[in-house]
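To start, the structure itself, in structure tokens.
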Amino acid sequence: MLESPKRFAEQPAATSIKAHKSRIAIFCTFFVHGCAFGTWSSLIPMIKARLSISDSQFGWSLFMIVAGSLFAMLASRSLIARFGSRRVVRVSAPLLLATVVLATLTHVPFLFALVLLVLGMAGNSMDVAMNAQAVEAERSSDKALMSSFHAMWSLGGLTGAVLGGLLVKNAGSSFGALIAALLLSTLFEANQGKLLAAGPRQGGTVARPLSAKWLLIVTGFLAGVCMSTDAAVRDWSPLYLTGNLALDVGYSGLGYGAFASSMAICRLAGDRVRTFIGEKQLLTISACLAIVGLAIVAFASVSVVALSGFALLGIGVANIFPTLLSMAGRRGDASGIVVVFATGYIIALAAAPSFGTLAEATSLANIYLLLAAMFMLAGTASIRIANRF
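With numbering that gives the first Met the number 0 applied, the sequence shown corresponds to residues 0 to 388, in that order.
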């Protein structure tokens with residue numbers, strides 16, 4: 000029996016509605032992930048005070064998050080190839096939310112470190128899998144979407160930090176974390192069934208030629224510089240603003256606030272800009288803005304100028320990382336994303352101790368000059384190979 004013209008017309012519409020629902024589900028997944036880590040950051044002071052451990056001991060405990068992330072990164076490529084990104088997200092998201100709550104209930108430092116190990120594993124597995132979902136959504140829609148997904152992550156992080164802080168202040172760390180986890184679980188469960196059914200790939204992971212791997216590694220180098228920049232602004236800007244520029248301690252978070260807010264806003268427009276000017280031009284302009292922003296921060300003599308530099312830095316960094324992941328996804332799906340993440344983490348881990356050493360030997364301002372030099376090197380290399388993706 001022949002299909003009616005009306006039914007043929009309905010099929011594209013149904014496909015479009017399904018794709019739209021899938022994109023909403025991915026948006027929610029990015030928001031939940033960002034909000035979970037934003038909530039976690041608001042819990043840190045109370046957890047540290049309850050455990051009664053030194054800064055050094057707490058620092059080693061936090062390193063377990065990194066260790067868990069690295070372990071998950073090694074396994075996520077095979078897990079996604081075997082089970083599909085949707086199933087990995089479905090398992091890792093509830094586990095991430097549960098570990099955030101468990102971290103507030105643990106009173107023994109050793110058990111706390113184990114919880115953070117699992118938190119790092121769950122968080123990174125979800126991170127890689129949801130970015131694989133984003134790559135698949137972008138590919139199927141044939142238009143730029145990655146920056147919008149990462150904008151939701153940024154908004155989630157800001158929301159988690161603010162609302163998490165309010166919940167903790169008014170309900171206590173454990174109960175506040177539980178309320179936040181329940182709210183995020185409800186949002187996730189309402190949408191997880193609409194995630195893209197990108198199933199396991201037959202035959203496991205696909206081998207890539209050596210040249211393709213090097214392209215991904217170079218791309219990961221710039222991703223690592225972006226990760227290092229985020230960490231440097233988050234961890235060192237409060238000390239720089241209060242110690243070097245005499246800003247009141249109560250306003251020490253304004254540097255990261257200016258950086259994160261401008262990043263979130265610019266990511267909302269990032270996909271349209273990438274479509275209009277192209278990836279190579281976007282990376283070029285973004286890297287230049289980041290370098291100028293870092294220079295303004297480093298040479299600022301008053302806090303207002305430094306804050307404007309942090310805001311410009313956020314504008315520059317905003318769309319680099321999403322663009323790099325989109326490029327990597329075209330080269331190797333989830334496996335390409337894993338290579339970029341892994342390289343980025345290695346760069347960020349190598350840079351982290353050098354920041355402290357450089358600051359102690361010279362000045363905090365030189366941290367941002369070092370990052371500017373790293374952006375020049377990594378940005379130039381990535382821009383030169385952008386057309387090969």
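Positions of the beta carbon are idealized from the N, C-alpha and C atoms, including for glycine.
- With DSSP run on the structure shown, which of helix, strand or coil describes methionine 130? According to the sequence provided, residue 130 is asparagine. The question's methionine does not apply to it. DSSP places asparagine 130 in helix when its eight states are reduced to three.
- Message: List, from N- to C-terminal side, the beta strand (DSSP E) runs of 3 residues or more that fit wholly inside the stretch 312 to 365.
- Response: none
- serine 261 - DSSP class collapsed to helix/strand/coil: helix
- Item | Cβ-Cβ distance between glutamine 132 and isoleucine 264 below 8 Å | For glutamine 132 and isoleucine 264, no; Cβs fall outside 8 Å.
- For valine 90 and serine 84, the rounded distance between their alpha carbons: 10 Å
- Message: Just to confirm my understanding: we take alanine 18, look at its own chain, exclude 5 residues before and 5 after, and list those with CB closer than 8 Å. What are they?
- Response: Ala136, Ser139, Ser140
- Message: Given this structure, state the Cα-to-Cα distance separating leucine 221 from leucine 293, to the nearest angstrom.
- Response: 15 Å
- asparagine 123 to isoleucine 79, Cα distance in whole Å? 13 Å
- Give every residue of the same chain whose Cβ lies closer than 6 Å to the Cβ of phenylalanine 187, excluding the five residues on either side of it in the sequence, and list them in chain order. Val31, Ala92
- Item | Bounding residues of the alpha helix (DSSP H) (the contiguous stretch that carries arginine 85) | 84 to 104
- Query: In the structure shown, what three-state DSSP assignment does leucine 116 receive?
  - Reply: Of the three classes helix, strand and coil, the one that applies to leucine 116 here is helix, per DSSP.
- Is the stretch 312 to 320 close to the stretch 256 to 263, with three or more CB pairs under 8 Å? Remark: three or more beta-carbon pairs, one from each stretch, lie closer than 8 Å, so the stretch 312 to 320 and the stretch 256 to 263 are flagged as touching.
- By Cβ distance below 7 Å, which residues in the same chain neighbour serine 236 in space, the five residues on each side in sequence not counted? Excluding residues within five positions, the ones whose Cβ falls inside 7 Å are Gly254, Tyr255, Phe309.
- Query: What is the DSSP secondary structure of valine 161, counted as helix, strand or coil?
  - Reply: helix
- Kindly give me the distance between the Cβ atoms of tryptophan 152 and phenylalanine 29, rounded to whole angstroms, as I take these residues to be in contact under 8 Å. With a contact defined as Cβ atoms closer than 8 Å, tryptophan 152 and phenylalanine 29 qualify at about 4 Å.
- Item | Cβ-Cβ separation, methionine 45 to serine 172 (assumed contact under 8 Å), whole Å | 4 Å
- Would a C-beta distance cut-off of 8 Å place leucine 69 and serine 147 closer than the cut-off? no
- Query: Between the stretch 323 to 330 and the stretch 36 to 53, do three or more beta carbon pairs fall short of 8 Å?
  - Reply: no
- Where does aspartate 126 land, buried or exposed, given buried means 16+ other C-beta within 10 angstroms? buried
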